[in-house]
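Structure, as structure tokens:
In UniProt numbering, the protein residues as written are 1 to 130.
In structure tokens form, the structure reads like this:
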């Protein structure tokens, strides 16, 4: 695991807030500072990967590993990244058994497209479709 090859040094400690410098042995000039709150397991990194792409960075994962955090806090687990991300199919439910307008339109587009493809070789059906 690439995040485990990182080293860390405790920079500051104030009550429940710890500040770590996370770096690799190869190039310690490109390290990042991770601020970790041990009471809420909230962590913030100077690389800002979670804020920009909504993925936890390896620096935070390293600090979680070192502080024996067993589960990633729910703040970092976005619903669209879980198995529950697929929205429920409530279109039919909302329209009380009738096919909703957007679903019907899409279905008609598909039927019309099949009709056009089927009439490609016949001049008479081409004229009718026009």
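Positions of the beta carbon are idealized from the N, C-alpha and C atoms, including for glycine.
Three-state class that DSSP yields for residue i in the structure shown
i, result
"residue 75", "helix"
"residue 56", "coil"
"residue 83", "coil"
"residue 125", "helix"
"residue 42", "strand"
"residue 119", "coil"
"residue 37", "strand"
"residue 130", "coil"
"residue 114", "helix"
Distance CB(residue i)-CB(residue j) smaller than 7 Å
i, j, result
"residue 76", "residue 56", "yes"
"residue 72", "residue 34", "no"
"residue 31", "residue 21", "yes"
"residue 17", "residue 37", "yes"
Outcome for residue i when other beta-carbon atoms lying within 10 angstroms are tallied against a minimum of 16
i, result
"residue 84", "exposed"
"residue 45", "buried"
"residue 117", "exposed"
"residue 26", "exposed"
"residue 212", "The structure shown does not extend to residue 212, since the chain is modelled only from 1 to 130, so the question has no answer here."
"residue 53", "exposed"
CB contact below 7 Å: residue i versus chain E
i, result
"residue 9", "The structure shown contains no chain E; it is built from a single protein chain."
For residue j and residue i, believed in contact at Cβ under 8 Å, the rounded distance
i, j, result
"residue 109", "residue 62", "That belief does not hold up - the Cβ atoms of residue 109 and residue 62 are roughly 50 Å apart, past 8 Å."
Chain-order list of residues whose beta-carbon lies under 8 Å from that of residue i (same chain, five-residue window excluded)
i, result
"residue 121", "none"
Neighbourhood of residue i by C-beta distance below 6 Å, restricted to the same chain and skipping five residues each side
i, result
"residue 11", "19 and 21"
Cut-off 7 Å between Cβ atoms - residues of its own chain near residue i, not counting five sequence neighbours on either side
i, result
"residue 47", "32, 57 and 59"
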